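Q: There's a structure below that I have some questions on.
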Amino acid sequence: MAKLKIFNKKRVPPSLQIAQTECGLCCVKSILNYYDFSVSLPELRKIKEPGRDGLGLKQIKGLLECYNFKVKNFKVKDNKAFDMLNFPLIAFWKGCHYVVLESYNDKNVVIMDPSVGRIKISTLEFNANFDRYVILCTPNDNFQKRNISTVSKFKKTYIWPNNMISIYVKLALLSLIAITITLSIPIATQKLIDFSLQTQKSLIFIVIIIIFSMIIAVFLSFLRNLYSIQMILKFNWFLMNGAFKRLLYLPAKYFSVRSPGEITYRINALTRIQDIIGPTLVRSILDFFSSCTLLGYVFFINPLIAILILIFLLLNFIFLAIMQKHINFSKDRELHEGSSAQSIQLDALVSINSVKIGGYMKRYIDDWANRYQNLLKAMEKRMKLQDGLVGSILNGFQTFAPLLILSINIYLSQVGYMTLGQAIAVQSVVSMLFTYTNSIFTTISEALTATKYIELSEDIFEYPEENRINSMIQMQSGDVEIKNLHFSYTPESPLAIKSINLSIKEGDTIALVGMSGSGKTTLGKLISTLFEPSSGSILYGGVEKTKYNIDNLRSSISYIPQEAYLHNRTILENLKLGCNYNEYEIIKRCQSMPFLNFINSLPMGYSTVVSEMGANLSGGQRQRIHIAKVLLQSPKLLVMDEATSSLDNVSQSHVYDELSRLKCTKIVIAHRSATVFNADKIVVMDHGEIVEVGAHNELLNKNGLYRKLFNAEFKKECGV
Numbered sequence: 001m002a003k004l005k006i007f008n009k010k011r012v013p014p015s016l017q018i019a020q021t022e023c024g025l026c027c028v029k030s031i032l033n034y035y036d037f038s039v040s041l042p043e044l045r046k047i048k049e050p051g052r053d054g055l056g057l058k059q060i061k062g063l064l065e066c067y068n069f070k071v072k073n074f075k076v077k078d079n080k081a082f083d084m085l086n087f088p089l090i091a092f093w094k095g096c097h098y099v100v101l102e103s104y105n106d107k108n109v110v111i112m113d114p115s116v117g118r119i120k121i122s123t124l125e126f127n128a129n130f131d132r133y134v135i136l137c138t139p140n141d142n143f144q145k146r147n148i149s150t151v152s153k154f155k156k157t158y159i160w161p162n163n164m165i166s167i168y169v170k171l172a173l174l175s176l177i178a179i180t181i182t183l184s185i186p187i188a189t190q191k192l193i194d195f196s197l198q199t200q201k202s203l204i205f206i207v208i209i210i211i212f213s214m215i216i217a218v219f220l221s222f223l224r225n226l227y228s229i230q231m232i233l234k235f236n237w238f239l240m241n242g243a244f245k246r247l248l249y250l251p252a253k254y255f256s257v258r259s260p261g262e263i264t265y266r267i268n269a270l271t272r273i274q275d276i277i278g279p280t281l282v283r284s285i286l287d288f289f290s291s292c293t294l295l296g297y298v299f300f301i302n303p304l305i306a307i308l309i310l311i312f313l314l315l316n317f318i319f320l321a322i323m324q325k326h327i328n329f330s331k332d333r334e335l336h337e338g339s340s341a342q343s344i345q346l347d348a349l350v351s352i353n354s355v356k357i358g359g360y361m362k363r364y365i366d367d368w369a370n371r372y373q374n375l376l377k378a379m380e381k382r383m384k385l386q387d388g389l390v391g392s393i394l395n396g397f398q399t400f401a402p403l404l405i406l407s408i409n410i411y412l413s414q415v416g417y418m419t420l421g422q423a424i425a426v427q428s429v430v431s432m433l434f435t436y437t438n439s440i441f442t443t444i445s446e447a448l449t450a451t452k453y454i455e456l457s458e459d460i461f462e463y464p465e466e467n468r469i470n471s472m473i474q475m476q477s478g479d480v481e482i483k484n485l486h487f488s489y490t491p492e493s494p495l496a497i498k499s500i501n502l503s504i505k506e507g508d509t510i511a512l513v514g515m516s517g518s519g520k521t522t523l524g525k526l527i528s529t530l531f532e533p534s535s536g537s538i539l540y541g542g543v544e545k546t547k548y549n550i551d552n553l554r555s556s557i558s559y560i561p562q563e564a565y566l567h568n569r570t571i572l573e574n575l576k577l578g579c580n581y582n583e584y585e586i587i588k589r590c591q592s593m594p595f596l597n598f599i600n601s602l603p604m605g606y607s608t609v610v611s612e613m614g615a616n617l618s619g620g621q622r623q624r625i626h627i628a629k630v631l632l633q634s635p636k637l638l639v640m641d642e643a644t645s646s647l648d649n650v651s652q653s654h655v656y657d658e659l660s661r662l663k664c665t666k667i668v669i670a671h672r673s674a675t676v677f678n679a680d681k682i683v684v685m686d687h688g689e690i691v692e693v694g695a696h697n698e699l700l701n702k703n704g705l706y707r708k709l710f711n712a713e714f715k716k717e718c719g720v
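Sequential numbering of the sequence shown, starting at 1, is according to the UniProt record's numbering.
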């Protein structure tokens, strides 16, 4: 077999990850882009959702096969095998990561690492990180190239507010008039020079015209700025309001596989889109027509000079086009490093108590500092390139090209090919042309960058919402029936819940027990409608879940998670959320609950503002307020996931007394014996399946998992 070349003249397009689990998707995207197939990460996500653990070798293979690639996974025992392989290929990296291998030789290796971009490393470093597994991928006979134009990416309806045409028209007309005045300056300059002023009267007339034109220009500019502000505000509201509403309507599973930092970064990216599709778009279109008009004027004066100017502009444009891909890569690095730094900050703030008590504040500081330094380096590289090299060369063009044209014009005026006024006017036109063309290219550059932000926003706007049918059916009873229920976090991940069949009568208390990771919490979230089953069905009050409007159904269901979360509002406002009582009735009912007595000892009582994440309250206080909130809602079905884990025995006793008076179906996930003993039915889970069902004594008499759990956990608690 002939030895294949191991260097590619064509570079692998970089694709940087935002989420930690996206490295596999990014590698697939780079491979597809390399073979001229345009694709976005959200499109790939729809086919293979990475889930909590990312993608495996088999899943990446399947994803590439969906796009008509011949794919083979195998283990590289000796690096000499790279001499016989086709590049690029995907390599398994550091035991938990994927990179695209672009080229390999005995000294250097070029890789596209989704966490840093396209880099060259030594073969020694490559060998230290390479985990021997590779994915070979080449297009098969059915593969067809696909190009998605930049313009098509701006056709997303969710980025364009309604009723914007009138604002665009007003802004365009005002800008057109203002530009007309600006364009008249070269002609006025020519006339002033060519027709020398004969009398003081003509001078006064010209001064009056100039002052009048200036007043009109200032007034038009003021109006244009007002409409620009109006447009920016409308875009801002439309994008941010739409994104936030959309997020709240997305299923809980969406948030389980994405970090808060990642989601926040995607939302913040929307503000960058409005900069391009707002007033900048109108200005750039007018700049284009202004440039054409000015060129036409110069052609009318002297075609030879016009051709020379056109050559200068084309050289300027070609230079910018060549540098654009390097600038785009630097911007990609900024995007990636900015997201990573923000995620570390948010993670530290959310878990600040653990960070402090655990004594790893320095680790977080170092991790953040490392990421932020990388961000600053990426910014420095981009600014040196964009503002330094490119900016300096453009300034040189903009400064000396008009001077060169002026020199030629003066010579032509001396030999009679044009008047001196025309020579000066053309020189001013050249300066304006460079300003306009640079502005146009800047807008094009920003538009290309904006497409990356649009891709980020696609993950929010194009992820399927929860099913909200137009149904008025209300949950009539607390009966719950589960039929052949299965659930996995992604279509490719293992089943977390398997073949669950369970019937729960109204008013019953069901205890879910099992070892950690047995699926108790996942089943609780499925029953409380937070997760959507992969298959099977759940009936509430004898009616299938799919026949309810999800919001109507949830109004009859309450869920208390392991970590009680309170909102950054007063205690009273927290209690009012989802409750139909007025403030007086809420306080009156809460004062009858002994476990809430601590609120009266707070300086502001029920007006105490809960800090972010409830940090100014203890875990037990947060749980008690959350439980009181549920009691005020009077649900027909209550799911509690270790809801009293932070309470002392006295408070827990008070809570159970109140819960016992609540006439509803209760599903309790707990380890404490009191909860389990008092349950009407105990459901024992293991590896996502129900392995035992029965009362306490009944299950204890069996030599099964429940008995082992009881001996390990409950026996000590009961002193048996």
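We treat Cβ as the ideally placed atom computed from N, Cα and C, and that holds for glycine.
None of these values were measured; they are calculated from a predicted model.
Report the CB separation of glycine 507 from glycine 478 in whole angstroms; it is logged as a contact under 8 angstroms.
A: Right, their Cβ atoms sit about 6 angstroms apart.
Q: From this set, Thr437, Thr264 and Ser445, which residue's C-alpha is nearest serine 290's C-alpha?
A: The candidate whose alpha carbon is nearest that of serine 290 is Thr437.
Q: Suppose the cutoff is 8 angstroms on Cβ atoms and the five residues either side in sequence are ignored; what does the same chain contact list for glutamate 455 look like?
A: For glutamate 455, where only same-chain residues beyond five positions count, the Cβ hits under 8 angstroms are Ser40, Leu41, Pro42 and Lys153.
Q: So what does DSSP say about tryptophan 368, is it helix, strand or coil?
A: Reduced to three states, the DSSP call for tryptophan 368 is helix.
Q: Would you kindly work out how many angstroms separate the C-alpha atoms of methionine 1 and leucine 85, rounded to a whole number?
A: In this prediction, methionine 1 scores a pLDDT of 38, lower than 50, which makes its location untrustworthy; the coordinate-derived value is nonetheless stated afterwards. One C-alpha to the other measures close to 11 angstroms.
Q: Would you give the residue range spanned by the alpha helix (DSSP H) that glycine 688 belongs to?
A: From DSSP, glycine 688 is part of no alpha helix (DSSP H); its letter is neither H nor E.
Q: Short of 8 angstroms in beta carbon distance, which residues of its chain neighbour glycine 242, apart from the five on each side in sequence? Order them along the chain.
A: Closer than 8 angstroms at the Cβ level, and outside the excluded window around glycine 242, lie Tyr158 and Phe461.
Q: Could you tell me whether the Cβ atoms of serine 534 and isoleucine 557 are closer together than 7 angstroms?
A: Cβ atoms of serine 534 and isoleucine 557: not closer than 7 angstroms.
Q: Can you tell me whether DSSP reads alanine 670 as helix, strand or coil?
A: Residue state, collapsed to three classes: coil.
Q: In whole angstroms, what is the alpha-carbon distance linking serine 330 and threonine 570?
A: Spanning the two alpha carbons is a distance of roughly 45 angstroms.
Q: Less than 7 angstroms separating the beta-carbons of alanine 679 and threonine 522?
A: No, the pair does not count as a contact, with Cβ atoms beyond the cut-off.
Q: Identify whether aspartate 641 lies in helix, strand or coil by the three-state DSSP scheme.
A: Strand, per DSSP.
Q: May I have the straight-line CA-CA distance separating isoleucine 6 from histidine 486, to the nearest angstrom?
A: Residue placement at isoleucine 6 cannot be trusted, given a pLDDT of 45 that sits under 50; the coordinates are not used to answer.
Q: Tell me, please, which residues DSSP counts as bridged to valine 100.
A: Answer is Ile90 and Met112, bridged to valine 100.
Q: Are there three or more Cβ pairs, one per stretch, closer than 8 angstroms when the segment 251-261 is compared with the segment 297-310?
A: Result no; under three Cβ-Cβ pairs closer than 8 angstroms.
Q: Quick one: what does DSSP say lysine 681 is sitting in, helix, strand or coil?
A: DSSP places lysine 681 in strand when its eight states are reduced to three.
Q: For the segment 414-451, list the alpha helix (DSSP H) runs that are entirely contained and at least 4 residues long, ordered along the chain.
A: Listed in chain order, nothing qualifies, since the segment 414-451 has no complete alpha helix (DSSP H) run of 4 or more residues.
Q: Please classify cysteine 292 as buried or exposed, where buried requires at least 16 neighbouring CB atoms within 10 angstroms.
A: Cysteine 292 comes out exposed.
Q: Can you tell me where the beta strand (DSSP E) with phenylalanine 152 in it begins and where it stops?
A: Checking the sequence shown, residue 152 turns out to be serine, not phenylalanine. Segment 150-153 is the alpha helix (DSSP H) holding serine 152; no beta strand (DSSP E) there.
Q: Using 7 angstroms as the threshold, is the C-beta distance between glycine 261 and leucine 376 below it?
A: No, the Cβ-Cβ distance between glycine 261 and leucine 376 is not below 7 angstroms.
Q: Compare the beta carbon distance of asparagine 236 and glutamine 274 with 7 angstroms and say whether it is the shorter of the two.
A: Going by C-beta atoms, asparagine 236 is nearer than 7 angstroms to glutamine 274.
Q: Alpha carbon to alpha carbon, how far is lysine 3 from tyrosine 104?
A: With a pLDDT of only 42 at lysine 3, under the threshold of 50, the placement of this residue in the model should not be trusted, and no figure is reported.
Q: Please confirm whether cysteine 23 and tyrosine 98 have their CB atoms less than 7 angstroms apart.
A: Against a cut-off of 7 angstroms, the Cβ pair of tyrosine 98 and cysteine 23 comes out as a contact.
Q: Quick check on asparagine 302: buried or exposed, where buried means 16 or more other Cβ atoms within 10 Å of its Cβ?
A: By the 10 Å Cβ count, asparagine 302 comes out buried.
Q: Who does serine 122 pair with in a DSSP beta bridge?
A: Serine 122 pairs with Asn108.
Q: What is the residue span of the alpha helix (DSSP H) that isoleucine 263 lies within?
A: Run containing isoleucine 263: 260-277, per the alpha helix (DSSP H) assignment.
Q: Would you tell me roughly how many angstroms separate the C-alpha atoms of leucine 220 and tyrosine 265, rounded to the nearest one?
A: Straight-line Cα distance between these residues: approximately 37 angstroms.
Q: So, helix, strand or coil for phenylalanine 69, using DSSP?
A: Looking at phenylalanine 69 - three-state DSSP - the assignment turns out to be strand.
Q: Closer than 6 angstroms by C-beta to asparagine 580: which residues in its own chain qualify, once you throw out the five before and the five after it? Chain order, please.
A: Here the set comprises nothing.
Q: For the ligand ADP, is there any heavy atom lying closer than 6 angstroms to the beta carbon of isoleucine 148?
A: Questions concerning the ligand ADP fall outside what the structure shown contains, since it holds no ligand whatsoever.
Q: State the CB to CB distance for the pair tyrosine 35 and proline 139, rounded to an integer number of angstroms; the pair is presumed to be in contact (CB under 8 angstroms).
A: Yes, tyrosine 35 and proline 139 are in contact; Cβ-Cβ is about 6 angstroms, under 8 angstroms.
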